[in-house]
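To start, the structure itself, in structure tokens.
2 protein chains.
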Amino acid sequence: MVLDHPWCQVRQDEIELPNGKIIDDYFVNIKPEVALILPITTNQEIVFVRQYRHAVGDFFIELPAGGFNPHQESAEVAAVRELAEETGYITQQVRKIATLYDKPSKDTNQIHLFLAENVVKVKEQQLDITEEIEVILIPVDAVLTKIAQGEIAVAGTVAALFLGLNFLKASNC
Amino acid sequence: MVLDHPWCQVRQDEIELPNGKIIDDYFVNIKPEVALILPITTNQEIVFVRQYRHAVGDFFIELPAGGFNPHQESAEVAAVRELAEETGYITQQVRKIATLYDKPSKDTNQIHLFLAENVVKVKEQQLDITEEIEVILIPVDAVLTKIAQGEIAVAGTVAALFLGLNFLKASNC
């Protein structure tokens, strides 16, 4: 471990390539697993969160998501919890529709993607002191245009939207 | 800078939240910009690369991509170069179709996505000693099935495929 802080863990590995060469400076970012949820209301609107992202220094519209420790809760529980905390919406039914990866060369985590239909707002957000999150509803029919215009641009969210909407289209056929 | 190695740079920032609270341990991964290219042959096949990704410890099918320094080359030049180096295919025409983000909360980089039609194989791969890359052709019509089956699962590649195929569909209407 070359960096071992609660918010950032970096490991330096020594690895042997298939050709036998040894590399002693392969850096791996040890990341928490990520639960990502695509919540759709009974009015066919998708529930997004908009917040400032410091590394890039701009505001982004993303699906609700958060890190979790698989030894403490399941991906499904984490997805439902993040939805409730970040937006105040709850869901009676979630379905896992995909496992994605952010950057499998450098980051250890998977992204566990869930679809939640008929979500309902029942309470206020419960945010950490470090979070300031705006909830935005966008009609399902308008989402592809927002992506094409670059207003929704985080790869995990974009992949999740296409996957989820394709999954729903296939289910309804 | 808490970690400053050619292959891994981490910065520890002190930031002020909108509520005035100061946090002195916000870690940012300083990453090179990424050029990502969706190459389509005249036979309507997409050119993928398959390689071992050490952080997750498995093989992944992804679009050709690579990091670049914007002070040394443009995103477009980097995309065309990565395609040639990783696959041996070249292209006469690339179009930028989107700017995406991996993880804007933690990683500084953008992903510059290009579409290249009518790519042609003219030479062998030119790989670094650390790279071992298999070139895989998948028909355009088969890609959505591969994504739904989880065989293509890296978020940036999945987002790029949906964006690129939607872009082509819109251009042909």
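Protein chains in written order, with numbering that gives the first Met the number 0: chain A, 0 to 172; chain B, 0 to 172. Using N, Cα and C, we set each Cβ at its ideal position, and we do this for glycine too.
Rounded straight-line distance, which links the Cα of residue j to that of residue i
i       : j       : result
K105(A) : L99(A)  : 14 Å
T86(B)  : E131(A) : 44 Å
A154(A) : F113(B) : 14 Å
I39(B)  : N117(B) : 6 Å
P31(B)  : C172(A) : 43 Å
L160(A) : L37(A)  : 7 Å
A54(B)  : P103(A) : 6 Å
R52(B)  : G66(B)  : 15 Å
C232(B) : V27(A)  : For residue 232(B) there is no data in the structure shown, the boundaries of chain B being 0 and 172.
S73(B)  : I135(B) : 26 Å
V33(A)  : I110(A) : 5 Å
H4(A)   : Q50(A)  : 24 Å
E61(A)  : G163(A) : 14 Å
A77(A)  : E133(A) : 20 Å
A83(B)  : F47(B)  : 12 Å
Q71(B)  : N108(B) : 16 Å
E150(A) : G19(A)  : 46 Å
L167(A) : Y88(B)  : 36 Å
I128(B) : I21(A)  : 11 Å
D12(B)  : A147(B) : 39 Å
I96(A)  : T90(A)  : 16 Å
N165(A) : R94(A)  : 14 Å
Listed by chain order, chain B residues near residue i by CB distance under 9 Å
i       : result
N165(A) : L143, I146, A147 and F161
F59(A)  : Y100, P103 and S104
I22(A)  : T129
A74(A)  : Ordered by position in chain B, no residue passes the 9 Å Cβ test against A74(A), which lies about 15 Å from the chain.
Delimiting residues of the alpha helix (DSSP H) encompassing residue i
i       : result
G149(A) : From DSSP, G149(A) is part of no alpha helix (DSSP H); its letter is neither H nor E.
T204(B) : Any question about residue 204(B) goes unanswered here, given that chain B covers just 0 to 172.
L114(B) : L114(B) -> not in any alpha helix (DSSP H); beta strand (DSSP E) instead, spanning Q109 to K120.
Per-residue burial, residue i [other beta carbons within 10 Å of its own, 16 or more giving buried]
i       : result
P17(B)  : exposed
D101(A) : buried
E81(A)  : buried
A216(B) : Shown here, chain B extends from 0 to 172; a query on residue 216(B) therefore has no answer.
L35(A)  : buried
T144(A) : exposed
P63(A)  : buried
A115(B) : buried
T188(A) : Outside the shown range of chain A, which is 0 to 172, sits residue 188(A), and nothing can be said about it.
A152(A) : buried
A169(B) : exposed
Chain-ordered neighbours of residue i on chain A, where CB pairs are closer than 8 Å
i     : result
V9(B) : L2, C7 and V9
Unbroken beta strand (DSSP E) run spanning residue i, endpoints
i       : result
T98(B)  : V93 to Y100
L2(A)   : L2 to H4
L136(A) : E133 to P138
E84(B)  : No beta strand (DSSP E) holds E84(B); the alpha helix (DSSP H) holding it covers A74 to T86.
G19(A)  : Unbroken run through G19(A): none, as it is neither H nor E.
Q125(A) : Run containing Q125(A): none; DSSP gives neither H nor E here.
D57(B)  : D57 to E61
Q50(A)  : E44 to R52
A64(B)  : A64 to F67
Contact list for residue i against chain A, beta-carbon separation under 7 Å
i       : result
V139(B) : Near V139(B) there are no residues of chain A at all, since even the closest Cβ is about 15 Å away, more than 7 Å.
I14(B)  : H53
Under 7 Å by beta carbon: chain B residues contacting residue i
i       : result
G155(A) : A154
Contact set between residue i and chain A, taken where Cβ atoms lie within less than 9 Å
i      : result
A78(B) : Chain A residues near A78(B): none, gap ~16 Å exceeds 9 Å.
Near the ligand MG: residue i beta-carbon under 7 Å from a heavy atom
i       : result
V153(B) : The ligand MG is not among the ligands present in this structure, which contains no ligands whatsoever.
Next on the checklist: Which residues of the segment 109 to 129 of chain B have a Cβ closer than 7 Å to any Cβ of chain A? Give them in chain order.
Outcome noted: I110, I128 and T129
Next on the checklist: Please list, in chain order, the residues of the segment 82 to 108 of chain B that have any C-beta partner in chain A closer than 7 Å.
Outcome noted: Flagged, chain order: A97, T98, L99, Y100, D101, K102, P103, S104, K105, D106 and T107.
Checklist entry - Quick one, which residues of the segment 26 to 41 of chain B are near chain E if we go by CB-CB under 8 Å, in chain order? => result Any reference to chain E falls outside this structure, whose protein chains are A and B.
Checklist entry - Got a sec: which bits of the segment 43 to 72 of chain B sit with their beta carbon under 9 Å from any beta carbon on chain A, in order along the chain? => result Q50, Y51, R52, H53, A54, V55, G56, D57, F59 and E61
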